[in-house]
Amino acid sequence: MDYGVITFVSSSGAIQAQKVLKGQVPFQIMPVLREISKGCGISVRFQPGDLEQVRSLLAGSGLPPEEYAFYGVTGNGSHLEAAPLP
Amino acid sequence: MRIIDAKGKACPMPVIMAKQAISEGETAFTILVDNTTAVGNLQRLAGNQGFDAAVTEGEGVYSLAFVKNGDAPAPAAEDAAPAACGAGYSVFVGRDIIGSGDRELGTNLMRMFFYTLAQSDDLPRSILFMNAGVKLPTEDEQVIEHLKALVEKGVEVQVCGTCLNFYGLSDKLAVGTVSNMYDIVSQMQAAAKVITV
Chain A
1 MDYGVITFVS
11 SSGAIQAQKV
21 LKGQVPFQIM
31 PVLREISKGC
41 GISVRFQPGD
51 LEQVRSLLAG
61 SGLPPEEYAF
71 YGVTGNGSHL
81 EAAPLP
Chain B
1 MRIIDAKGKA
11 CPMPVIMAKQ
21 AISEGETAFT
31 ILVDNTTAVG
41 NLQRLAGNQG
51 FDAAVTEGEG
61 VYSLAFVKNG
71 DAPAPAAEDA
81 APAACGAGYS
91 VFVGRDIIGS
101 GDRELGTNLM
111 RMFFYTLAQS
121 DDLPRSILFM
131 NAGVKLPTED
141 EQVIEHLKAL
151 VEKGVEVQVC
161 GTCLNFYGLS
171 DKLAVGTVSN
181 MYDIVSQMQA
191 AAKVITV
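Chains as they are written, first to last, in the working numbering: chain A, 1 to 86; chain B, 1 to 197.
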């Protein structure tokens, strides 16, 4: 996996998650990939090595677990694959 | 020697006419145009097709003498041609969020706009920041990162100096060049279209 993304059911969830992650792990926000196209249009991109930390930050944030989902993305441009992370 | 009369032709016709001659195997020809935009576009075409193009001007008519110079055409010459001709597009950013309404949503949309633009194959020739838009290349880390990637790919980023000064951000510019109304208007005029965000 080249990078991880978190998708959200709602835009407000996406905005709330950014507040949780800010200053803790480096991240960027990006439009939800067409390959995923689930949830609201905002997703959070993070480095693969930060997966566990991102997971635990969100788990401890009060954001309901059904509000967000993790994907691993490999490749770039038109050749990319996104797979749900368990 | 063949003389192509492209006077009075709007862009992209002069470039198309020159390309036509090149594709027919012409190694030396002259093309006549009547505006400096066409001169610039034709010179770029000459450059990426391996031609010299000496310009002479008289009574408002520019004559470009295309002569093959032995340089190999640029590999991306085909792709470069539309950009050279249409003069591409500019993006004008006059505010720090996209749209009106919720600021947080607008900030998210702006960051995603630049993320998507930086990943795109069809890049603007320039991105122009004015008024509260100047807060992006100074204070928004995510947008700054995307802008740096765009600059690396050859996109011109111009930031209004008056606006930087007004917001007390003059010493915080992280990417792009401090610009002024003259240069920003020139960029708009040179672009085939301007997208306002």
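All residues carry an ideal CB built from backbone N, CA and C; glycine is no exception.
None of the values given here were measured: they were computed from a predicted structure.
Should B/A28 and B/I4 be called a contact, given that it needs their Cβ atoms to be closer than 8 Å?
No; because the gap between Cβ atoms is not below 8 Å, this pair is not in contact.
Going along chain A in order, which residues have a C-beta closer than 9 Å to the C-beta of B/T138?
Residues of chain A passing the Cβ test: none, with the nearest at roughly 18 Å.
For B/E24 and B/G50, the rounded distance between their alpha carbons:
Roughly 15 Å between the two C-alpha positions.
Could you please tell me which residues of the stretch 103-117 of chain B, in chain order, have their CB closer than 8 Å to any CB of chain A?
Answer set for the stretch 103-117 of chain B: E104, L105, N108, R111, M112, Y115 and T116.
Using a Cβ cut-off of 8 Å (strictly closer), state whether A/P87 contacts chain B.
Chain A is shown from 1 up to 86; residue 87 of chain A falls before or after that span and cannot be answered.
Taking 7 Å as the cut-off, is the beta-carbon of A/Q16 closer than that to any non-hydrogen atom of the ligand COA?
What this structure holds is no ligand at all, so the ligand COA is not there to describe.
Can a CB atom of chain B be found closer than 8 Å to the CB of A/I42?
So, interface residue.
Just to confirm my understanding: we take B/H146, look at its own chain, exclude 5 residues before and 5 after, and list those with CB closer than 6 Å. What are they?
Beyond the five residues adjoining it in sequence on each side, B/H146 comes within less than 6 Å, by CB distance, of F114, Y115 and A118 in the same chain, given in chain order.
What do you get for B/Y216, buried or exposed, if any count of 16 or more other CB atoms within 10 angstroms of its CB means buried?
Residue 216 of chain B falls outside the range modelled here, since chain B spans only 1 to 197, and no answer is possible.
Under the three-state DSSP convention, the category B/C85 falls into
Here B/C85 scores only 49 on pLDDT, less than 50, and its place in the model is too uncertain to base an answer on.
Using 8 Å as the cut-off, can you tell me whether the stretch 24-37 of chain A makes contact with the stretch 93-105 of chain B, which would need three or more C-beta pairs spanning the two stretches below that distance?
Output reads no: the stretch 93-105 of chain B does not touch the stretch 24-37 of chain A.
Which residues, in order along the stretch 41-64 of chain B, keep a beta-carbon less than 9 Å from a beta-carbon of chain A?
Those residues of the stretch 41-64 of chain B that come within reach of chain A (Cβ to Cβ, closer than 9 Å) do not exist; the list is empty.
Please report how far the alpha carbon of B/D79 lies from the alpha carbon of B/S120, in whole angstroms.
Legend: pLDDT at B/D79 = 49, less than 50; position of this residue unreliable, value from coordinates given subsequently. Take the alpha-carbon of B/D79 and the one of B/S120: they are about 14 Å apart.
Within chain A, partners of B/Q142 - CB distance below 9 Å
Chain-order list of chain A residues neighbouring B/Q142: F27, Q28 and I29, by C-beta distance under 9 Å.
Mind checking B/A84: buried by the 16 CB within 10 Å criterion, or exposed?
In this prediction, B/A84 has a pLDDT of 48, which is less than 50 and means its spatial position is unreliable; nothing more can be read from the coordinates.
Consider the Cβ of A/I36: report whether some Cβ of chain B lies at a distance smaller than 8 Å.
Closer than 8 Å: no.
Length of the line joining the Cα atoms of A/P84 and B/M188:
If you take the alpha carbons of A/P84 and B/M188, they lie about 44 Å apart.
So is A/I15 in contact with chain B if we call contact Cβ pairs under 8 Å?
Cβ-Cβ to chain B under 8 Å: yes for A/I15.
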